[in-house]
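Quick notes on the structure that follows.
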Amino acid sequence: MAVIDVKHGDGGDRLEIGCVHQQGILYVVPAEANWVCSSEEMHGHALAGFFKELVKLEDPQVKSLMQRWGMYFRERLLKVQVGEPL
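In terms of the numbering used here, the numbers along the sequence shown are unbroken and rise by one, the last being 91.
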């Protein structure tokens, strides 16, 4: 069974990722580019920002590796929060 399980900790988040064929843990800790988010949102912010910057590199090796694993990333427009000025 495939799994992506987020565990929040005092020093950061741990994402347990895997299936029956392979497994791993991705650690997300406070850093220069993710300080803006709450600890509950930090892993999502870090992953979206990382993939946004990775894709912008337009590196053929990165593109090939992502295609090999069937991964594609497209940045989405931010949703305006209710009650916030436009």
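We treat Cβ as the ideally placed atom computed from N, Cα and C, and that holds for glycine. Computed from a predicted structure; not experimentally measured.
Check	Outcome
C-beta contact flag for Val-33 and Asp-18 at 7 Å	yes
C-alpha distance - Lys-68 paired with His-13, whole-angstrom precision	31 Å
Cβ-based burial, Met-47 [other Cβ within 10 Å; buried from 16]	buried
Counterpart residues of Gly-23 in DSSP-defined beta bridges	Val-8 and Gln-28
Three-way DSSP call (helix, strand, coil) for Val-67 in this model	helix
Coil, strand or helix - Val-60 by DSSP	helix
For Gly-23 and Val-8, believed in contact at Cβ under 8 Å, the rounded distance	6 Å
Leu-62 versus Val-25 - alpha carbon distance	32 Å
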